[in-house]
Amino acid sequence: MASLLFRTSRRSASCLFVHRKFLNPLSSLDAPIFYSRASLVSNLWCTRSDFACENFIRDFRFGLIHGFSTSSDVKESSKSDESPSGSVKQDGRSQAKVEMSWIYLYLPKKIQPYAHLARLDKPIGTWLLAWPCMWSITLAASPGQLPDFKMLTLFGCGALLLRGAGCTINDLLDQDIDTKVERTKLRPVASGQLTQPQGISFLGLQLFLGLGILLQLNNYSRILGASSLLLVFSYPLMKRFTFWPQAYLGLTFNWGALLGWAAIRESLDPAIVLPLYLSGVFWTLVYDTIYAHQDKEDDLKVGVKSTALRFGDSTKEWISMFGVANIGCLALSGYNADIGWPFYALLAAASGQLAWQISTVDLSSRADCNRKFISNKWFGALVFSGILLGRFSS
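In UniProt numbering, the protein residues as written are 1 to 394.
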């Protein structure tokens, strides 16, 4: 049997015992395993073939995250292939995603399910929620001035908390659905790591911290911000009743486009903020429709609805129209705000990024859909940079 070489740090007391059968992907696990996570995961070399090494690492990941419970778990994992995105596949179908994230390496065990519930290991949701806020705050700055850094910081923290609260609400209401969907069945509430009361308590904590941020704003913004909670709490239910939950998510996720302006100006200028808000809604229809294609097979079985199912083979035509509407609304908002020329140059770059997403996405590939979805953080960054430079130069 080829050898495995593990290096451990002198500063960490590492103890490792791996049964020989664990090294064989087709064997059962009938011996205990002791390890030091911080040293073992970061200091692993394998001199076996690449295929055997990948099998070992995959099985080890599964055990580290979910526990080495039964031999059948290891057998089931060993029969699968791993996709480029890290999702485990069996018989051509994507199975629950097993990830080695920083949550399981560095956080105390009792905190890990809560961090997972808030999706702290997946910051893309926070970026997508924060960008419309940043656009609006920057657009509301006086000509030739930089945006209010304090407001950018407050809204960034608020996006992190509200996104976590939204995910918690979603998981609490969708527990019965998540258990039937491969991509979501290992979520803390669906898998039983957290109970409903624990999830509700965590939700209360996040909302309490979010209230602390909201109270830093003016009264107009407080009322406007509090009114968004109706959208946040009702969004998870939309997939049960309409094929357009992505549109409802757009109304919810881009509320910051209104709130950011109000936090600076203590009012709303419809000619500027409404096109900005609508641009965010159309943007969400693009990226979340792409995202929804990951679950379309499971959604059909479970009976939930999405724009991915509504559009079917015409998805690219639909999201192309939404992309054009998104860019048009952004241009109109900038024009009404008398923003400088750099905005339009970077808006052209952002439109190119969006066109690349739509034209190249493989809607039959879960991995590619996820990659294109995550790439939207760069679209948001390009638009923000354009508004920042355009406002500063105006």
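Note that beta-carbon positions come from the ideal geometry of N, C-alpha and C, so glycine has one too.
Bear in mind the structure is a predicted one, so any value in this text is a computation, not a measurement.
Which of helix, strand or coil does DSSP assign to valine 181?
-> Position 181 of the sequence shown, counted from the first residue, corresponds to residue 181. Coil at valine 181, not helix or strand.
Given a threshold of 16 other Cβ atoms within 10 Å of its Cβ, counted over all protein chains shown, does proline 108 qualify as buried or as exposed?
-> Translated into the one-based positions of the sequence shown, residue 108 becomes position 108. Proline 108 is exposed by the Cβ-count criterion.
With DSSP run on the structure shown, which of helix, strand or coil describes phenylalanine 384?
-> Sequence index remark: in the sequence shown, residue 384 carries index 384 (1-based). Phenylalanine 384: helix per DSSP, three-state reduction.
Below 8 Å on the Cβ atoms is my guess for leucine 207 versus alanine 165; work out the distance and round it to an integer in Å.
-> Looking up residue 207 in the sequence shown gives position 207. Looking up residue 165 in the sequence shown gives position 165. Taking 8 Å as the upper bound for CB-CB distance, leucine 207 and alanine 165 are in contact here, some 6 Å apart.
Out of Gly260, Pro197, Thr179, point me to the one whose CA is closest to isoleucine 213's CA.
-> Position 213 of the sequence shown holds residue 213. Of the listed residues, the one whose Cα sits closest to isoleucine 213 is Gly260.
Can at least three beta-carbon pairs, one atom from the stretch 158–177 and one from the stretch 140–148, be found at a separation below 8 Å?
-> no
Count the C-beta pairs between the stretch 189–206 and the stretch 122–142 that are closer than 8 Å, then say yes if the count reaches three, no if not.
-> no
How close, in whole Å, do the beta carbons of residue 400 and isoleucine 327 come, if the pair is a contact with beta carbons under 8 Å?
-> Shown here, the chain extends from 1 to 394; a query on residue 400 therefore has no answer.
So, helix, strand or coil for phenylalanine 392, using DSSP?
-> Locating residue 392 in the sequence shown gives position 392, counting from the first residue. If DSSP states are grouped into helix, strand and coil, phenylalanine 392 belongs with the helices.
Residue range of the alpha helix (DSSP H) that leucine 268 falls in?
-> For the purposes of this step, residue 268 is taken as the residue at position 268 of the sequence shown. First-last for leucine 268: undefined, no H or E at that position.
Could you check where the alpha helix (DSSP H) with valine 324 kicks off and where it finishes?
-> One-based indexing of the sequence shown puts residue 324 at position 324. Counting along the chain, the alpha helix (DSSP H) containing valine 324 begins and ends at 315–336.
Is there a Cβ from chain B that is less than 7 Å from the Cβ of cysteine 369?
-> Chain labels in this structure do not include chain B; a single protein chain is all it has.
Are the stretch 147–156 and the stretch 175–193 in contact at 8 Å, needing three or more beta carbon pairs?
-> no
Under the three-state reduction of DSSP, which class applies to asparagine 218: helix, strand or coil?
-> Within the sequence shown, residue 218 is the residue found at index 218, counting from 1. Coil at asparagine 218, not helix or strand.
Spatial distance of tyrosine 114 from tyrosine 106 (CA atoms) = Mapped onto the sequence shown, residue 114 falls at position 114. Mapped onto the sequence shown, residue 106 falls at position 106. Whole-angstrom Cα-Cα distance: 14 Å.
On the three-state DSSP scale, how would you describe isoleucine 223?
-> Looking up residue 223 in the sequence shown gives position 223. Helix, per DSSP.
Leaving out the 5 sequence neighbours to the left and right, which residues in its chain are closer than 7 Å to alanine 292 when beta-carbon positions are compared?
-> In the sequence shown, the residue the question calls residue 292 occupies position 292. If you ignore the 5 residues before and after alanine 292, its C-beta comes within less than 7 Å of the C-beta of Gln246, Ser306, Thr307, Ala308, all in its own chain and listed in chain order.
Counting only the same chain and skipping the five closest in sequence on each side, list residues whose C-beta sits under 7 Å from that of methionine 321.
-> Indexing the sequence shown from 1 puts residue 321 at position 321. Excluding positions up to five away in sequence, the list is empty.
Between the CA atoms of aspartate 299 and valine 181 - distance to the nearest angstrom | Numbered from 1 along the sequence shown, position 181 holds the residue referred to as residue 181. Numbered from 1 along the sequence shown, position 299 holds the residue referred to as residue 299. Valine 181 and aspartate 299: Cα-Cα distance of roughly 8 Å.
Member of Ile374, Gly323, Leu274, Glu317 whose CA lies at the smallest distance from the CA of valine 286 | For the purposes of this step, residue 286 is identified with residue 286 of the sequence shown, where counting begins at 1. The shortest Cα separation from valine 286 among Ile374, Gly323, Leu274, Glu317 belongs to Gly323.
For the alpha helix (DSSP H) holding valine 304, just list the boundary residues, first then last.
-> To locate residue 304, count along the sequence shown from 1; it is residue 304. It is not in any alpha helix (DSSP H) - valine 304 carries neither H nor E in the DSSP assignment.
Do you know offhand how far alanine 345's Cα is from leucine 363's?
-> Taking the sequence shown and counting its residues from 1, one reaches residue 345 at position 345. Taking the sequence shown and counting its residues from 1, one reaches residue 363 at position 363. Each residue's alpha carbon lies about 30 Å from the other.
Reduced DSSP secondary structure (H/G/I, E/B, other) of tryptophan 341 = The residue you call residue 341 lines up with position 341 of the sequence shown. Looking at tryptophan 341 - three-state DSSP - the assignment turns out to be coil, as it is neither helix nor strand.
Mapping DSSP to helix, strand and coil, what is phenylalanine 233?
-> If you number the sequence shown from 1, residue 233 lands on position 233. Helix.
Between alanine 348 and phenylalanine 241, what straight-line distance do the alpha-carbon atoms span, to the nearest angstrom?
-> Translated into positions along the sequence shown, residue 348 becomes position 348. Translated into positions along the sequence shown, residue 241 becomes position 241. Between the alpha carbons of alanine 348 and phenylalanine 241 lies a gap of roughly 37 Å.
CA nearest to the CA of leucine 330, picked from Glu266, Ser375, Gly390, Ile374 = Residue 330 sits at position 330 when you count from the first residue of the sequence shown. Considering only Glu266, Ser375, Gly390, Ile374, the residue with the shortest C-alpha distance to leucine 330 is Gly390.
For asparagine 170, the nearest candidate out of Leu117, Ser221, Lys301 (CA to CA) = The sequence position of residue 170 within the sequence shown is 170, counting from 1. The shortest Cα separation from asparagine 170 among Leu117, Ser221, Lys301 belongs to Leu117.
Take glutamine 294 and list the residues in its own chain whose beta-carbon comes closer than 6 Å to its own, dropping the five residues that flank it on each side.
-> As a working note, residue 294 is residue 294 in the sequence shown. These residues qualify, in order along the chain: Arg366, Cys369.
Helix, strand or coil at histidine 293 according to DSSP, with G and I counted as helix | In the sequence shown, residue 293 corresponds to position 293, counting from 1. If DSSP states are grouped into helix, strand and coil, histidine 293 belongs with coil.
For threonine 153, the three-state DSSP class (helix, strand or coil) = To locate residue 153, count along the sequence shown from 1; it is residue 153. The answer is helix: DSSP assigns threonine 153 an H, G or I state.
Using only alpha-carbon positions, find the residue among Asn336, Asn376, Tyr335 that is nearest to alanine 355.
-> Working through the sequence shown from its first residue, we reach residue 355 at position 355. Here the closest residue by C-alpha is Asn376.
Enumerate in chain order the residues of its own chain whose CB-to-CB distance from proline 342 is below 7 Å, with the five nearest sequence positions on each side excluded.
-> The sequence position of residue 342 within the sequence shown is 342, counting from 1. Around proline 342: Gly386, Leu389, Gly390, Ser393.
Rounded Cβ spacing between isoleucine 290 and lysine 372 (contact assumed at less than 8 Å) | To locate residue 290, count along the sequence shown from 1; it is residue 290. To locate residue 372, count along the sequence shown from 1; it is residue 372. That belief holds up - the Cβ atoms of isoleucine 290 and lysine 372 are roughly 5 Å apart, short of 8 Å.
Tryptophan 255 by DSSP, collapsed to three states: which one?
-> Counted from its first residue, the sequence shown places residue 255 at position 255. In this structure, tryptophan 255 counts as coil in the three-state DSSP scheme.
Classify arginine 240 as helix, strand or coil using the three-state DSSP reduction.
-> Numbered from its first residue, the sequence shown carries residue 240 at position 240. Looking at arginine 240 - three-state DSSP - the assignment turns out to be coil, as it is neither helix nor strand.
Following the continuous alpha helix (DSSP H) through isoleucine 374, name the residue where it begins and the one where it ends.
-> Here residue 374 corresponds to residue number 374 of the sequence shown, with the count starting at 1. That run of the alpha helix (DSSP H) goes 366–374.
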